[in-house]
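Protein sequence lines, in the order shown, are assigned to chains R and D. Read in my numbering, the first sequence has 74 at position 74, and its numbers run on one by one without any break. Read in my numbering, the second sequence has 124 at position 47, and its numbers run on one by one without any break. No residue lacks a Cβ here, since even glycine has one placed at the ideal position from N, Cα and C. Single-structure report; data block below.
Protein chains: 2
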Amino acid sequence: MTKVATFYHAGCPVCISAEHTLVDLLDKSIKVDIVHLGEHPDRIAVAEVAGVKSVPALVINGLPLHINFGASLNDLK
Amino acid sequence: MTKVATFYHAGCPVCISAEHTLVDLLDKSIKVDIVHLGEHPDRIAVAEVAGVKSVPALVINGLPLHINFGASLNDLK
Numbered sequence: 001m002t003k004v005a006t007f008y009h010a011g012c013p014v015c016i017s018a019e020h021t022l023v024d025l026l027d028k029s030i031k032v033d034i035v036h037l038g039e040h041p042d043r044i045a046v047a048e049v050a051g052v053k054s055v056p057a058l059v060i061n062g063l064p065l066h067i068n069f070g071a072s073l074n075d076l077k
Numbered sequence: 078m079t080k081v082a083t084f085y086h087a088g089c090p091v092c093i094s095a096e097h098t099l100v101d102l103l104d105k106s107i108k109v110d111i112v113h114l115g116e117h118p119d120r121i122a123v124a125e126v127a128g129v130k131s132v133p134a135l136v137i138n139g140l141p142l143h144i145n146f147g148a149s150l151n152d153l154k
């Protein structure tokens, strides 16, 4: 079964580094949707509902995994 | 090539949840060494040298990825 994950970031160096490291590690059967919240602020609300508090974060099966610490969602609004 | 990663945790609920979620997602070619720092405090120094500040964390290719926030390493000493 193909799993779908969403990686939220804001274009910061911490985010880009985490994205490259993590997305490379994931099982190739997982389709990762990468969302730049700085460019798509309309998706911040969706991220918040999924439990995302900061970026970079990976949401999979409805569970948010916060990776390192780049920026609080509140700083992106 | 087989990659080797180390997942550091301290047995807390946040750690166990992150472990199950993340380890399931990783590419199956990656061998993950799982270290419970509460049971192996001698490995805290190794984790610190790798840049780990808190657990749960995954270290891969020398890069630490801090996952959510369970406990500061200082709280485990």
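Selected residue, minimal CA-CA separation from residue i, among the options
i         : options                                : result
Ile-18/R  : Ala-57/R, Lys-53/R, Gly-62/R, Pro-41/R : Ile is not the amino acid found at residue 18/R; the sequence shown has Ala there. The shortest Cα separation from Ala-18/R among Ala-57/R, Lys-53/R, Gly-62/R, Pro-41/R belongs to Ala-57/R.
Pro-64/R  : Asp-104/D, Val-129/D, Asn-145/D        : Asn-145/D
Lys-53/R  : Ser-29/R, His-20/R, Leu-73/R           : Leu-73/R
Ile-107/D : Asp-27/R, Val-32/R, Lys-31/R           : Asp-27/R
Ile-81/R  : Leu-37/R, Ala-71/R, Asp-33/R           : Lying outside 1 to 77, the shown extent of chain R, residue 81/R is not represented and no answer is given.
Distance between residue j and residue i (C-alpha atoms, nearest Å)
i         : j         : result
Asp-101/D : Val-23/R  : 14 angstroms
His-40/R  : Asp-75/R  : 14 angstroms
Ala-50/R  : Gly-62/R  : 6 angstroms
Gly-88/D  : Val-14/R  : 27 angstroms
Asp-42/R  : Asp-119/D : 47 angstroms
His-143/D : Val-55/R  : 12 angstroms
Ala-148/D : Gly-70/R  : 18 angstroms
Ile-93/D  : His-86/D  : 8 angstroms
* Asked: Any chance the segment 79-90 of chain D sits against the segment 35-55 of chain R, with 3 or more Cβ pairs inside 8 angstroms?
  -> no
* Going along the chain, which residues of the segment 121-138 of chain D sit with their C-beta nearer than 7 angstroms to a C-beta in chain R? -> The segment 121-138 of chain D vs chain R, Cβ under 7 angstroms: Ile-137.
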